[in-house]
DNA sequence: TTGTAGGCGTTATCAA
DNA sequence: TTGATAACGCCTACAA
């Protein structure tokens, strides 16, 4: 680190004490306009950038909020992260990221590291840690969880209702006359995937359609898994006229596999995805999917943690995903 | 910020001085095993996380590298950012992000803020600032530019040869017998777009194909712009048998527009994209595109800036994009 | 309105 | 091998 200029240097150049410099930098007390001008001039001349470390050490606030992500790269989580950045913009707080990699050990380390950097608050995007562990780890540190629902009221969570999302997607298909609807899910242990499956089952039950395990395939939220699942499904010989994929990427893979088997979408098979990824509107045909207000959630979470830092009580908030009807669903005739 | 435990607390609990605590935390000097054990026990008991501010203030190193991004959300830049994160993993350095928003004013502020946080080095992903301004701003602060080529040897740049990329993509089309090749570019002022166009022209020239401005459309790297461009092209009546899109998103939009006009890919029109986005392999048909080693570039840049921080001299590095042949290109018969 | 002095939690330099 | 003690750069009473 190159030796940077300090308020001391400025004080000397401007012919005042460093307290005065501090005062004009922070506008904390009125100072004589002339001296203030001299300070500002000196600061510009020396290209002064206050040392945040010293500032935080002295003031006790870091003006940062720690953001724990889990492997960026998924459109949904990326959009949340962008929402967080946008929500922090202009508030004086900077986000500082740490990766939890969907691993509770790594996640714990990341939180520790953020605490070491004295983050004033923590935002968890997804994650694996149990609520009780989280609480033990963070103590009184303001904390908001995004895209994940921790049951206890003690936790502030900004999340989407995946059961409802799965329900709405399936219901849409049912309303178009489909009864043999396949579901390509995520990993069995993933709560989002489980919830969407629960919603699927709920819609089936409500419509008096028998649930068949043969129509439920396990995927991993990747296009490749959607592609493979359709092959498996076709080979199984189980009849189906529609597919509900647990996310858009899975739907893309499924769509390609269908095409390779000479099945048309939506004439032969209807398809619904989940996430409303940017690319989905330009698929062939444009994909009907569930939209999640990811960016908005990120912003809401940023605002929430800021309020909490200011000592205000905040509560959890659920978002309901919305159906985006496009052209991948046809009425079963 | 809740009152956290300090080495002083640990010192008291372990019955040693804080210097000793510091020593066992940093393994800087051997200490009596028994005392060391006591310190470690005390630290665990109190859930100690060293205050990075105090640490940095005292040591003069922040153990962070500032990363300037420009609007996350594009697959290419996201992949670079992930590469940077991966490259820093386990090095003891944490990335701290700031958004430049493709705006030189914002970018300058971001760099200033990073300097205030005393980053030990800076990584610029893309950006608008001129090389001389950058140099003036950063001074001796180790700095590496990614995905952008600054002419002077003074700058260390990790970038891809977009001219070559545009050339290879176009050449691929030419080799399949195409001579009427449309190009859907990016904004006129965007250097990546300009370079890819230059490569396109170079390939045409080399094959003795006349360049027609009517076949060059302006886009903005979005699917919507690709979609619109094809409409414009079709309406213009200009003949073409192939399209080279400046990125994959643009190609998706173009593909949909073609489909809506009853044109088949690749039988009627061949299509090549740029970026090798994850979704491209699952388009219908799977999209032939130029692959850029974005993740690898991010990692390389992280390694480079670390070396520079250690005082080693480093030099720029060019990556050459590679053609990924899939099924969206057919031989012109 | 201004300056002085103490403290924030570490690291680093001395002696011991 | 240890323990004082002086930085590190800034903020903030407190006093002038």
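Chains as they are written, first to last, in my numbering: chain A, 969 to 1301; chain B, 969 to 1301.
Beta carbons: idealized from backbone N, C-alpha and C, even for Gly.
From a predicted model like this one, the values you see are computed outputs, not experimental measurements.
| Contacting residues, own chain, Cβ-Cβ under 7 Å from residue 1305 (chain A) (five flanking each side not counted) | Chain A is shown from 969 up to 1301; residue 1305 (chain A) falls before or after that span and cannot be answered.
| chain A beta carbons: is any one of them nearer than 7 Å to that of residue 1220 (chain B)? | Interface flag for residue 1220 (chain B) against chain A is set, since a Cβ pair is found closer than 7 Å.
| CB contact check: residue 1080 (chain A) to chain B, cutoff 7 Å | Closer than 7 Å to the CB of residue 1080 (chain A) there is at least one CB belonging to chain B.
| request: Along the alpha helix (DSSP H) that carries residue 1227 (chain A), what are the first and last residues, could you check? | output: Per DSSP, residue 1227 (chain A) belongs to the alpha helix (DSSP H) from 1216 to 1228.
| said: Quick check on the DSSP output: the beta strand (DSSP E) that includes residue 1257 (chain B) runs from which residue to which? | reply: For residue 1257 (chain B), the enclosing beta strand (DSSP E) covers residues 1256 to 1259.
| said: If distances are taken between C-alpha atoms only, which option among A:1226, A:1218, A:1251, A:1273 comes closest to residue 1042 (chain A)? | reply: When each option's Cα is compared against that of residue 1042 (chain A), the closest is A:1218.
| said: If we define contact as Cβ-Cβ less than 7 Å, is residue 1075 (chain B) a contact residue for chain A? | reply: No - not a single Cβ of chain A is within 7 Å of the one on residue 1075 (chain B).
| task | Apply the 10 Å Cβ neighbour rule to residue 1277 (chain B) and answer buried if 16 or more other Cβ atoms are within range, or exposed otherwise. | result | Buried, by the Cβ-count rule.
| Rounded C-alpha distance that separates residue 1204 (chain A) from residue 1273 (chain A) | Per the coordinates, the alpha-carbon of residue 1204 (chain A) lies some 49 Å from the alpha-carbon of residue 1273 (chain A).
| By the criterion of Cβ-Cβ separation under 8 Å, what are the contact partners of residue 1223 (chain A) in chain B? | Within chain B, the residues 1250, 1252 have their CB atoms less than 8 Å from the CB of residue 1223 (chain A), given in chain order.
| said: Counting C-beta neighbours from all protein chains within 10 Å, is the total for residue 1121 (chain B) 16 or more, i.e. buried, or is it exposed? | reply: Of the residues assessed, residue 1121 (chain B) falls on the exposed side of the cut-off, its CB having fewer than 16 other CB atoms within 10 angstroms.
| query | For the segment 1185 to 1203 of chain B, which residues have a beta carbon sitting closer than 9 Å to at least one beta carbon of chain A? | reply | Cβ contacts with chain A: 1190, 1191, 1192, 1194, 1195.
| message | Along the chain, where does the alpha helix (DSSP H) containing residue 1024 (chain A) start, and where does it finish? | response | Element bounds for residue 1024 (chain A): 1020 to 1027.
| said: When you compare the CB of residue 1094 (chain A) with every CB in chain B, is at least one pair closer than 7 Å? | reply: Closer than 7 Å to the CB of residue 1094 (chain A) there is not a single CB belonging to chain B.
| query | By a C-beta neighbour count over all protein chains shown, 10 Å radius and 16 as the cutoff for buried, is residue 1086 (chain B) buried or exposed? | reply | Residue 1086 (chain B) is buried by the Cβ-count criterion.
| said: For residue 1153 (chain B), tell me which candidate among B:1046, B:1169, B:1143, B:1107 has the shortest Cα-Cα distance. | reply: If we check each option's Cα against that of residue 1153 (chain B), B:1169 comes out closest.
| query | Does the beta-carbon distance from residue 1256 (chain A) to residue 1297 (chain A) come in below 7 Å? | reply | Going by beta carbons, residue 1256 (chain A) and residue 1297 (chain A) fall inside the 7 Å limit.
| query | Can you give the beta carbon distance from residue 1052 (chain B) to residue 1266 (chain B), rounded, assuming they're within the 8 Å contact cut? | reply | Going by Cβ atoms, the distance from residue 1052 (chain B) to residue 1266 (chain B) rounds to 4 Å, so yes, they are a contact pair.
| query | Which first and last residues belong to the beta strand (DSSP E) in which residue 1063 (chain A) is found? | reply | Unbroken beta strand (DSSP E) run through residue 1063 (chain A): 1062 to 1067.
| field | residue 1097 (chain B) at chain A interface by Cβ criterion, 7 Å | value | Taking Cβ atoms only, chain A never reaches closer than 7 Å to residue 1097 (chain B), which makes this a no.
| Which residues bound the beta strand (DSSP E) around residue 1152 (chain A)? | Per DSSP, residue 1152 (chain A) belongs to the beta strand (DSSP E) from 1149 to 1152.
| said: Tell me which residues share the same chain as residue 969 (chain A) and place their Cβ nearer than 6 Å to its Cβ, disregarding the 5 neighbours each side in the sequence. | reply: Low local confidence applies: a pLDDT of 44 at residue 969 (chain A) is under 50, so the model's placement there is unreliable, and no value is given.
| said: Along the segment 1011 to 1027 of chain A, where does the CB come closer than 7 Å to a CB of chain B? Name the residues. | reply: The segment 1011 to 1027 of chain A vs chain B, Cβ under 7 Å: 1017, 1018, 1019, 1020, 1021, 1022, 1024, 1025.
| Residues of its chain near residue 1133 (chain B), where Cβ-Cβ distance is below 7 Å and the 5 sequence neighbours each way are ignored | Excluding residues within five positions, the ones whose Cβ falls inside 7 Å are 1164, 1167, 1242, 1258, 1289.
| With 16 other Cβ atoms within 10 Å as the buried cut-off, status of residue 1046 (chain A) | So residue 1046 (chain A) ends up on the buried side.
| field | Own chain partners of residue 1050 (chain B) with C-beta closer than 7 Å, once the 5 adjacent residues on each side are dropped | value | Counting only Cβ-Cβ distances below 7 Å, and skipping sequence neighbours, we find 1263, 1266.
| Looking only at C-alpha atoms, which of A:1026, A:1064, A:1146, A:1028 sits nearest to residue 1037 (chain A)? | Of the listed residues, the one whose Cα sits closest to residue 1037 (chain A) is A:1064.
| Taking C-beta to C-beta, are residue 1191 (chain A) and residue 1044 (chain B) nearer than 7 Å? | For the pair residue 1191 (chain A) and residue 1044 (chain B), the CB atoms are not nearer than the 7 Å cut-off.
| query | Is residue 1084 (chain A) close to chain B, meaning its C-beta is less than 7 Å from at least one C-beta of that chain? | reply | Closer than 7 Å to some Cβ of chain B, the Cβ of residue 1084 (chain A) qualifies, so yes.
| request: Give every residue of the same chain whose Cβ lies closer than 8 Å to the Cβ of residue 1271 (chain B), excluding the five residues on either side of it in the sequence, and list them in chain order. | output: Cβ neighbours of residue 1271 (chain B) beyond the five flanking positions: 1055.
| request: Could you list which residues in chain B have their beta carbon closer than 8 Å to that of residue 1062 (chain A), in chain order? | output: Here the neighbours are 1064, 1066, 1081, 1085.
| Which residues share a DSSP beta bridge with residue 1127 (chain A)? | Answer by DSSP bridge pairing, in chain order: A:1286.
| said: Could you check whether the Cβ of residue 1247 (chain A) sits closer than 7 Å to any Cβ belonging to chain B? | reply: Closer than 7 Å to some Cβ of chain B, the Cβ of residue 1247 (chain A) qualifies, so yes.
| Comparing the C-beta of residue 1163 (chain B) with each C-beta of chain A, is any distance below 7 Å? | With 7 Å as the cut-off, residue 1163 (chain B) does not count as an interface residue toward chain A.
| query | Using the rule of at least 16 other Cβ atoms within 10 Å of the residue's Cβ for burial, across every protein chain shown, is residue 1130 (chain B) buried or exposed? | reply | A buried status is given to residue 1130 (chain B), since no fewer than 16 other beta-carbon atoms sit within 10 Å of its beta-carbon.
| query | Helix, strand or coil: which one does DSSP assign to residue 1051 (chain A)? | reply | In this structure, residue 1051 (chain A) counts as helix in the three-state DSSP scheme.
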